[in-house]
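One structure is given here, and the rest of the page talks about it.
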Amino acid sequence: MLSNQEVAEELLGKFGDQVYDFEEPYGLLTLSTTREEIISILEFLNKHKNYQISFLTDLTGVHYPDGKEREFMVVYHLHSFVHNFRIRLKVFISEADIHVPTATGLYASANWMERETYDFYGILFDGHPDLRRILNIEEMDYFPMRKEYPLEDATREDKSDALFGR
Amino acid sequence: MADIELLPHNVPSNSELPELVEELTTLNLGPTHPATHGIFQNILKMDGEKIVSGEQTIGYIHRAFEKIAERRPFYQITTLTDRMNYCSSPINNFGWHMTVEKLLQIEVPKRAQYIRVIMMELARISDHLICNSILGVDTGAFSGFLYVMQKREDIYEIYEEVCGARLTTNMGRIGGMERDLSTTAIRKIREFIKTFPPVLKEFEQLMSRNRIFMDRTINVGPISLERALSYGFTGPNLRAAGLDYDVRVMNPYSSYEDFEFDIPVGQSGDTFDRYNVRIEEMWQSLKIVEQALNNLPEGPYYADAPEYYLPPKKEVYSNMEALIYHFKIVMGEIDAPQGEVYHAVEGGNGELGFYLISDGGRAPYRLHFRRPSFIYYQAFPEMCKGSTLSDAILTMSSLNVIAGELDA
Numbered sequence: 147m148l149s150n151q152e153v154a155e156e157l158l159g160k161f162g163d164q165v166y167d168f169e170e171p172y173g174l175l176t177l178s179t180t181r182e183e184i185i186s187i188l189e190f191l192n193k194h195k196n197y198q199i200s201f202l203t204d205l206t207g208v209h210y211p212d213g214k215e216r217e218f219m220v221v222y223h224l225h226s227f228v229h230n231f232r233i234r235l236k237v238f239i240s241e242a243d244i245h246v247p248t249a250t251g252l253y254a255s256a257n258w259m260e261r262e263t264y265d266f267y268g269i270l271f272d273g274h275p276d277l278r279r280i281l282n283i284e285e286m287d288y289f290p291m292r293k294e295y296p297l298e299d300a301t302r303e304d305k306s307d308a309l310f311g312r
Numbered sequence: 002m003a004d005i006e007l008l009p010h011n012v013p014s015n016s017e018l019p020e021l022v023e024e025l026t027t028l029n030l031g032p033t034h035p036a037t038h039g040i041f042q043n044i045l046k047m048d049g050e051k052i053v054s055g056e057q058t059i060g061y062i063h064r065a066f067e068k069i070a071e072r073r074p075f076y077q078i079t080t081l082t083d084r085m086n087y088c089s090s091p092i093n094n095f096g097w098h099m100t101v102e103k104l105l106q107i108e109v110p111k112r113a114q115y116i117r118v119i120m121m122e123l124a125r126i127s128d129h130l131i132c133n134s135i136l137g138v139d140t141g142a143f144s145g146f147l148y149v150m151q152k153r154e155d156i157y158e159i160y161e162e163v164c165g166a167r168l169t170t171n172m173g174r175i176g177g178m179e180r181d182l183s184t185t186a187i188r189k190i191r192e193f194i195k196t197f198p199p200v201l202k203e204f205e206q207l208m209s210r211n212r213i214f215m216d217r218t219i220n221v222g223p224i225s226l227e228r229a230l231s232y233g234f235t236g237p238n239l240r241a242a243g244l245d246y247d248v249r250v251m252n253p254y255s256s257y258e259d260f261e262f263d264i265p266v267g268q269s270g271d272t273f274d275r276y277n278v279r280i281e282e283m284w285q286s287l288k289i290v291e292q293a294l295n296n297l298p299e300g301p302y303y304a305d306a307p308e309y310y311l312p313p314k315k316e317v318y319s320n321m322e323a324l325i326y327h328f329k330i331v332m333g334e335i336d337a338p339q340g341e342v343y344h345a346v347e348g349g350n351g352e353l354g355f356y357l358i359s360d361g362g363r364a365p366y367r368l369h370f371r372r373p374s375f376i377y378y379q380a381f382p383e384m385c386k387g388s389t390l391s392d393a394i395l396t397m398s399s400l401n402v403i404a405g406e407l408d409a
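Chains as they are written, first to last, in the numbering used here: chain A, 147 to 312; chain B, 2 to 409.
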């Protein structure tokens with residue numbers, strides 16, 4: 147059984163100050179890295195003889211409009227079937243330079259997950275073979291999951307409708 | 002009548018013939034083709050009968066669940082999860098409840114966990130039943146489908162007894178079940194345990210060793226384990242390719258560690274293996290249902306978490322505190338802690354994951370569904386490359402792609 151401590155130390159030894167913000171929310175090892183290092187970390191964990199963290203469970207994005215220079219986050223969930231060990235990697239990027247290298251070279255499954263993330267947030271995955279919208283129509287000219295497009299507030303009072311009053 | 006003689010100037014000489022150009026045919030399979038069993042499109046390039054390449058267009062029933070969820074109180078998101086894999090809605094419902102319970106750190110009593118296991122395994126049976134019988138329909142064996150539909154109806158009647166709904170169940174609540182198993186429900190489940198095996202056995206006798214069915218499915222749409230892992234396969238489709246990964250065993254939730262069951266594994270990852278894995282999983286699920294029902298613990302069916310679990314109506318009318326909680330919960334004003342949590346359950350098609358980021362507000366800051374269909378369906382062009390169209394349809398059918406889950 148692999149411990150969070152062990153993997154964290156190995157990553158720190160290998161990547162030094164390129165990996166930071168170690169956390170364990172609900173027991174899941176979580177850490178942040180830079181976009182320059184993310185692919186080498188994914189590859190390191192994938193090719194590691196002992197760990198074999200070689201399954202990409204999930205890849206998605208999150209928008210933090212208030213984060214200065216780190217408005218967007220790409221989250222990778224990885225899983226090692228050999229040790230039953232999960233790890234979460236985060237990459238923060240700024241809205242002005244919204245690029246992340248693609249993981250499609252390592253995982254075929256990253257293809258659609260990255261397209262979905264692009265579709266929702268407009269995060270550009272450099273080197274992706276076919277970065278198009280996937281769930282929304284191609285003519286759409288905005289990225290709907292960004293926080294500047296709020297859904298209607300259910301508690302608003304400024305609308306009055308005699309029949310279907312809110 | 003005299004023979005018509007071809008005049009010499011009407012016969013084109015070889016040099017006059019247009020040059021033969023080899024051209025690929027483009028074939029639209031879907032979006033509303035009956036064999037896709039859902040609304041998604043495949044644009045296939047065909048060379049005669051063989052598929053050269055394919056490209057999928059999805060998103061026809063995209064309903065932006067992840068966006069809607071950012072405005073909804075936690076308990077209202079359950080209805081969104083129903084509509085993802087609608088063949089096994091209770092698994093989605095409980096998966097979501099367990100994610101929130103993990104965030105709120107609520108310990109659900111054993112009885113509720115066992116009831117959940119019973120309902121989830123019944124849901125798995127109905128999910129696999131549909132997939133395998135429809136696979137039969139696609140090969141031309143219609144009668145098996147008609148035999149087993151009655152049993153799915155029985156499962157839906159059990160749902161109806163437990164939660165009042167049949168397809169989009171909205172079953173259970175955060176913190177447990179909304180009501181205990183009634184005696185009618187228990188009787189119906191017992192009846193199901195008794196009457197299902199002969200039907201499944203008959204279905205197996207119709208299909209599993211049927212020469213035509215075997216010829217149509219063996220070596221059709223195979224995928225190697227290595228490719229399957231790279232494509233993010235989980236669930237029966239991954240197990241058919243040869244890896245015994247099952248969330249129920251690897252990360253047990255809802256007391257799955259209490260039950261004795263096997264994980265069936267295939268070898269070649271072809272359509273026949275996927276079919277066999279699903280058949281065997283139904284037997285195992287039935288075993289789990291039986292164990293859970295026989296060992297159903299006594300006790301409460303909901304957690305002692307008054308801030309999150311709706312109080313009984315009688316309390317609300319007589320007790321001030323209960324009234325306040327009732328009001329707060331219905332209005333969605335529960336105090337959720339900040340945090341991020343990933344919880345996975347074994348859905349009908351594989352690892353169904355919920356990635357929830359809470360900022361302490363009434364709705365999730367971000368909720369992402371890891372939908373197994375969405376992730377493994379991208380392997381479809383690779384799996385049907387070089388096969389005929391009729392084989393590609395069987396491959397798609399055995400992958401059990403559910404449009405609601407695909408598009409979310």
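Glycine included, C-beta positions come from ideal geometry on N, C-alpha and C.
All of these numbers come straight from a predicted model, not from anything done at the bench.
- Per DSSP, the continuous alpha helix (DSSP H) segment holding M99 of chain B begins and ends at S90 to L105.
- Only those residues of the region 37-49 of chain B whose C-beta falls short of 8 angstroms from the nearest C-beta of chain A would be listed, and there are none.
- Taking 3 residues as the minimum length, the beta strand (DSSP E) runs contained wholly in the region 51-82 of chain B are 51-58, in order along the chain.
- Contact with chain A is found for H369 of chain B, since one of that chain's Cβ atoms lies less than 8 angstroms from the residue's Cβ.
- Only those residues of the region 66-82 of chain B whose C-beta falls short of 8 angstroms from the nearest C-beta of chain A are listed: E67, K68, I69, E71 and R72.
- Close partners of Y246 of chain B in chain A (Cβ separation under 8 angstroms): F227.
- The beta-carbon of M259 of chain A is placed less than 8 angstroms from the nearest beta-carbon of chain B.
- For H327 of chain B, the enclosing alpha helix (DSSP H) begins and ends at M321 to V331.
- Comparing alpha carbon positions, the residue from B:I40, B:D48 and B:R64 closest to Q57 of chain B is B:I40.
- Annotation: P312 of chain B to M121 of chain B spans about 25 angstroms, alpha carbon to alpha carbon.
- The beta carbon of S149 of chain A sits no closer than 8 angstroms to any beta carbon of chain B.
- Judged by their CB atoms, S255 of chain B and F381 of chain B are not nearer to each other than the 8 angstroms cut-off.
- When Cβ-Cβ separations below 8 angstroms define contact, Y264 of chain A makes no contact with chain B.
- The three-state reading of DSSP puts M219 of chain A in strand, counting E and B together.
- Straight across, the Cα-Cα distance linking N295 of chain B with E241 of chain A is about 57 angstroms.
- Shown in chain order are the members of the region 227-253 of chain B whose Cβ falls below 8 angstroms from a Cβ of chain A: R228, L230, S231, Y232, G233, L244, Y246, M251 and N252.
- Think of a sphere of 9 angstroms around the beta carbon of P247 of chain A: no beta carbon from chain B falls inside it, the nearest being about 18 angstroms out.
- Non-local beta-carbon contacts of A304 of chain B in its own chain, meaning distances under 8 angstroms to residues more than five positions away in sequence, involve E102, I107, E108, V109, P110, A113, G176, G177 and Y310 in chain order.
- Counting only the Cα atoms, Q285 of chain B lies some 14 angstroms from K202 of chain B.
- Membership of G159 of chain A in the alpha helix (DSSP H) is indicated by the continuous run N150 to F161.
- Contact annotation, V346 of chain B with I92 of chain B: C-beta distance approximately 6 angstroms; criterion of less than 8 angstroms satisfied.
- Bounds of any beta strand (DSSP E) do not take in Y264 of chain A; it lies within the alpha helix (DSSP H) bounded by A256 to Y267.
- A check of alpha carbon separations from T196 of chain B across B:K152, B:T185, B:R228 and B:L28 identifies B:K152 as the nearest.
- In this structure D243 of chain A is exposed. Its beta-carbon is surrounded by fewer than 16 other beta-carbon atoms within 10 angstroms.
- Out of A:I280, A:N230 and A:I269, the CA that lies nearest to the CA of V221 of chain A is found in A:I269.
- S183 of chain B counts as exposed, since fewer than 16 other beta carbons sit within 10 angstroms of its beta carbon.
- Only residues of its own chain outside the window of five on either side were considered, and among them I40, F41, Q42 and Y61 have a CB closer than 7 angstroms to the CB of P32 of chain B, listed in chain order.
- Taken in chain order, the complete alpha helix (DSSP H) segments of 4 residues or longer contained in the region 234-260 of chain B are 236-242 and 248-251.
- With respect to L45 of chain B, L357 of chain B sits apart: the two C-beta atoms are not nearer than 8 angstroms.
- Classified as exposed, I213 of chain B has fewer than 16 neighbouring CB atoms from the shown chains inside 10 Å of its CB.
- When DSSP states are grouped into helix, strand and coil, S226 of chain A belongs to the strand group.
- The DSSP-derived three-state label of K293 of chain A is coil.
- Two segments are said to touch when three or more pairs of C-beta atoms, one from each, lie closer than 8 angstroms; by this definition the region 360-370 of chain B touches the region 331-346 of chain B.
- Nearest in C-alpha terms to Y378 of chain B, of all of B:I135, B:Y160 and B:S231, is B:S231.
- Per DSSP, the continuous beta strand (DSSP E) segment holding R371 of chain B begins and ends at R367 to R371.
- For T179 of chain A, same chain residues with a beta-carbon under 8 angstroms away, outside a window of 5 residues either side, are F161, Q164, V165, Y166, I187, L235, K236 and V237 in chain order.
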